[in-house]
Amino acid sequence: LEDFEKRSKGEYKLLSSYTLSREKISIYLNPSVQTKNMYINNLGSEAENMRDIAELMYKELKLVSYIDIEANIAKNGLSLSQSVYQSNSRKRHIHFALHSNAGGGQGTEIYTKGSNKTFATTMYESFLKLGNFKRRGVKDGTHLYEIKNVKADHVALIEFAFHDNLKEAKKIINKFDKES
108 LEDFEKRSKG EYKLLSSYTL SREKISIYLN PSVQTKNMYI NNLGSEAENM RDIAELMYKE
168 LKLVSYIDIE ANIAKNGLSL SQSVYQSNSR KRHIHFALHS NAGGGQGTEI YTKGSNKTFA
228 TTMYESFLKL GNFKRRGVKD GTHLYEIKNV KADHVALIEF AFHDNLKEAK KIINKFDKES
């Protein structure tokens, strides 16, 4: 939120690039729906843990008067294609997808497309302030269904950390609490 500046006439400017002409900033949060991606030591699935993170973000953003927030956080939420359709049908300014990674690595990376690099970099740098995560970078995500098909002005998909790395999985489970 510190990346937005209030302007005259109820407009808000993303400090790094973009003036919004509407009264509210419209955001869609889309946590992973990958129920079969299990965390190390049976600490839950990617879908469960990303939904928990999305619920926390949703509650905080809902309190901000100039944000219109929607999130795919129902227990048996929408499929990926349904959530992309929902985000597009509501013409969101921001579509932010929440994922955790796997494959034996460590760190955080974010995917985006085209002119969204400034937005993605802002989100990436903001997240990295929560802990000492290996920087895997801002990457082209045009090969990913969600990035390719969402029509929001700003689109990003973050891979917070690796859920097959016990230390990083615990960070996710503990909602990136600095103490964990």
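Residues in the sequence shown are numbered from 108 upward in steps of one, following the working numbering.
Glycine included, every Cβ here is placed at the ideal spot set by N, Cα and C.
Being a predicted model, the structure only gives us computed values, none of them experimental.
Can you tell me the Cα-Cα spacing of residue i and residue j, whole angstroms?
i: HIS202; j: GLU232; result: 17 Å
i: ASN256; j: LEU264; result: 12 Å
i: LYS258; j: ASN195; result: 6 Å
i: VAL290; j: SER133; result: Absent from the structure is residue 290, since the part of the chain shown begins at 108 and ends at 287.
i: ARG243; j: HIS206; result: 14 Å
i: ASN239; j: LYS198; result: 35 Å
i: ASN156; j: LYS282; result: 9 Å
i: TYR135; j: LYS182; result: 17 Å
i: THR228; j: PHE234; result: 10 Å
i: GLY248; j: THR142; result: 22 Å
i: VAL262; j: PRO138; result: 13 Å
i: ALA154; j: ASN148; result: 16 Å
i: LYS277; j: TYR146; result: 9 Å
Please look up how many angstroms separate the CB atoms of residue i and residue j, rounded, as I've assumed it's under 8 Å.
i: ASP271; j: HIS200; result: Rounded, the Cβ-Cβ distance is 34 Å, inconsistent with contact.
i: LEU170; j: VAL140; result: Not confirmed; about 26 Å, so no contact.
To which residues does DSSP link residue i through a beta bridge?
i: ILE104; result: Absent from the structure is residue 104, since the part of the chain shown begins at 108 and ends at 287.
Query raised in the report: Along the chain, which unbroken stretches of the alpha helix (DSSP H) at least 4 residues long are found entirely within the region 190 to 271?
Result: 224 to 235, 252 to 256
**Report entry** At least 3 beta-carbon pairs within less than 8 Å: the region 170 to 179 vs the region 220 to 227
**Finding:** no
**Report entry** Uninterrupted alpha helix (DSSP H) stretches inside the region 135 to 185 (no shorter than 4 residues)
**Finding:** 153 to 169
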